[in-house]
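Heads up, the thing below is written out as structure tokens.
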Amino acid sequence: MDEALSEARKALDKGEFPVGCVIVMNGEIIGRGHNVRETTSNPTAHAEIIALAEAGKKIGNWRLDNADAYITLEPCPMCTQALILARIRKIIFGAKNSKLGACGTVWDMINDPDNISHPIVIQGVREYISIKLIESFVNSLRNKSYE
């Protein structure tokens, strides 16, 4: 999770919403990403999507059956479905996403019986730091509005 937090800090440094993700297989990071929606003007440039693409490219296969995703914030519906379709084994996240969380907080896409896979979900890992990064981002926006 420390590596995912490092990715989230990269997003924060770029003025992006601070979410980071790493994909790990057999103890090795095979994909990493952080949000770059604003800097790329790409609505799908979420940390998870970028990390999944890098992981698939690295191993030469989109099926990531034995891989785990470490994410600083509970994934949105788009990212949750991408993780399911990639057949990720575990989704480990830090903070709950009270607006768009699709791993149980707002929606429970994981346990949909029609899914092709059902990743194990572990929540609350390094939650405090994940929340602090988000608070830092929100505070920076507030400070800009007063300038």
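Counting the sequence shown from 1 gives a position; our numbering is that position plus 74. Quick reminder that beta carbons are idealized off the backbone N, C-alpha and C, glycines included. Note that the structure is predicted; figures quoted are calculated from it, not measured.
Backbone CA spacing between residue i and residue j [nearest angstrom]
i, j, result
"residue 139", "residue 217", "43 angstroms"
"residue 191", "residue 209", "33 angstroms"
"residue 121", "residue 179", "19 angstroms"
"residue 76", "residue 151", "24 angstroms"
"residue 202", "residue 188", "34 angstroms"
"residue 129", "residue 174", "24 angstroms"
"residue 78", "residue 144", "6 angstroms"
"residue 171", "residue 213", "18 angstroms"
Range of the contiguous beta strand (DSSP E) that encloses residue i
i, result
"residue 163", "Element bounds for residue 163: n/a, residue is neither H nor E."
"residue 106", "102 to 108"
"residue 146", "141 to 147"
"residue 183", "Segment: none, residue 183 is in no beta strand (DSSP E) and carries neither H nor E."
Run of the alpha helix (DSSP H) containing residue i, from where it starts to where it stops
i, result
"residue 127", "121 to 133"
"residue 83", "76 to 87"
Residues of its chain near residue i, where Cβ-Cβ distance is below 8 angstroms and the 5 sequence neighbours each way are ignored
i, result
"residue 110", "85, 88, 90, 116, 119, 124"
"residue 142", "97, 98, 99, 162, 163, 164, 165, 166"
"residue 205", "168, 169"
8 angstroms contact criterion, which residue i and residue j should meet: CB distance rounded
i, j, result
"residue 181", "residue 160", "Going by Cβ atoms, the distance from residue 181 to residue 160 rounds to 18 angstroms, so no, they are not a contact pair."
"residue 106", "residue 207", "No, residue 106 and residue 207 are not in contact; Cβ-Cβ is about 16 angstroms, not under 8 angstroms."
"residue 104", "residue 133", "6 angstroms"
Cross-strand partners of residue i (DSSP beta bridge)
i, result
"residue 94", "108"
"residue 169", "147"
"residue 194", "164"
"residue 99", "102, 141"
"residue 177", "182"
Chain-order list of residues whose beta-carbon lies under 7 angstroms from that of residue i (same chain, five-residue window excluded)
i, result
"residue 193", "157, 158, 162, 163, 164, 165, 184"
"residue 176", "149, 150, 151, 154, 183"
"residue 113", "88, 90"
"residue 200", "75, 79, 168"
Same chain, Cβ closer than 6 angstroms to residue i, five either side skipped, listed in chain order
i, result
"residue 81", "94, 106, 108"
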